[in-house]
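What follows is one structure encoded as structure tokens, with my remarks underneath.
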Amino acid sequence: MNYRENATLRDKLAGEYVLGTLRGGARRRFEGWLHDDAALRALTEDWRARLNPLGEFAPAVTPPGRVWRAIERRLRLNTAPAWQFWRHDARGFWRPLGLAALAATLVLAFALVQWRSNTPTLDYVATLSDDKAQAALLVTADRRHGALNVRLADGVAPAADRVLQLWVVPKAGAPRSLGVLPRSGAVRLALPAGALGADVALLAVSVEPLGGSPNPNAPSGPIIYKGSWVQAM
């Protein structure tokens, strides 16, 4: 099969490569294609932009003991002769690197499985970040059920006398409120007409008085998080 002429295959391979599920010869072959295909590199970067922020919303994962044993076997750390005094130094050097790569894959896989299992259909995803590009909220759109699913990252909460309010900002016209957000955790909101589509510029979160903005057509407080929809796989 010619991967250059099959858009669906290219998209699938790029997603699996970023997630880490493309392995062995298939992964090496894909990396070879990346060197000569600028469009494929751009597609891969697009997948990386979609998937990496999900790690901000997944809990820490502690690898089981068999993972360390497998790493040690592959690095031959448990079979080296006793006179190789650098053995323990090598173990200390490689463990953090192995953990970083493994944890990234596990976190992304866990996040995708979690969101897929909790959301019957996932049409669009938006990661809302602050001005330092720190992810704060994950918003997913489920058109079949007419719902928005919003999850806040840990530590994202306004002052006690304020609330966070989610808005859709069109390319033309006034912003439209999507709802007031909880102080932590997740919430399911209605998906109104106009929340998706080509006329939507971005999603934004403002800080408002208790109960939300007194103006239903505009934020009254500062915009602290914003992001754009990305069509899900």
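The sequence shown maps to residues 1 to 233 in this note's numbering.
Don't be surprised by glycine CBs; every beta carbon is placed ideally from N, CA and C.
Indicate the three-state DSSP secondary structure (helix, strand or coil) for residue i in the structure shown.
i	result
threonine 127	strand
glycine 146	coil
lysine 226	strand
alanine 136	strand
alanine 232	coil
arginine 23	coil
histidine 35	helix
Could you tell me the alpha carbon to alpha carbon distance between residue i and residue j, rounded to whole angstroms?
i	j	result
leucine 138	leucine 152	7 Å
leucine 178	alanine 7	34 Å
serine 228	leucine 203	6 Å
alanine 157	proline 170	26 Å
alanine 39	serine 206	36 Å
threonine 127	proline 63	27 Å
alanine 232	alanine 201	17 Å
valine 163	glycine 194	23 Å
arginine 176	tryptophan 167	6 Å
alanine 26	aspartate 142	33 Å
glycine 146	leucine 191	5 Å
glutamate 31	tyrosine 225	35 Å
tyrosine 3	asparagine 52	25 Å
alanine 135	serine 129	4 Å
proline 214	glutamate 208	9 Å
aspartate 123	glutamate 16	18 Å
leucine 97	aspartate 37	Caution applies to leucine 97, whose pLDDT of 46 falls short of 50 and renders its modelled position unreliable; the value that the coordinates give is listed next. So the two alpha carbons sit approximately 29 Å from each other.
For my contact list, residue i and residue j are in at a C-beta cut-off of 8 Å; report their separation, rounded to the angstrom.
i	j	result
leucine 34	leucine 22	Between leucine 22 and leucine 34 the Cβ distance is about 12 Å, and since that is not below 8 Å, they are no contact.
tryptophan 47	valine 18	4 Å
valine 125	arginine 50	7 Å
arginine 10	leucine 43	6 Å
glutamine 165	leucine 148	That pair is no contact at about 13 Å.
leucine 210	aspartate 161	6 Å
If you measure from the beta carbon of residue i to each beta carbon in chain B, is any gap under 7 Å?
i	result
arginine 151	Given the protein chain composition of this structure (a single chain), no chain B is represented.
May I ask you to check if the CB of residue i is nearer than 6 Å to at least one heavy atom of the ligand NAD?
i	result
aspartate 37	No copy of the ligand NAD occurs in the structure displayed, which carries no ligand at all.
Review point. Is it a yes or a no for the stretch 214-224 touching the stretch 180-199, going by three-plus beta-carbon pairs under 8 Å?
Key: no
Exercise for review: Could you pull out every unbroken beta strand (DSSP E) segment of at least 3 residues lying fully inside the stretch 153-218, listed in chain order?
Suggested key: Counting only runs of 3 or more residues that sit fully inside the stretch 153-218, the beta strand (DSSP E) segments are 162-170, 176-180, 186-190, 200-209, in chain order.
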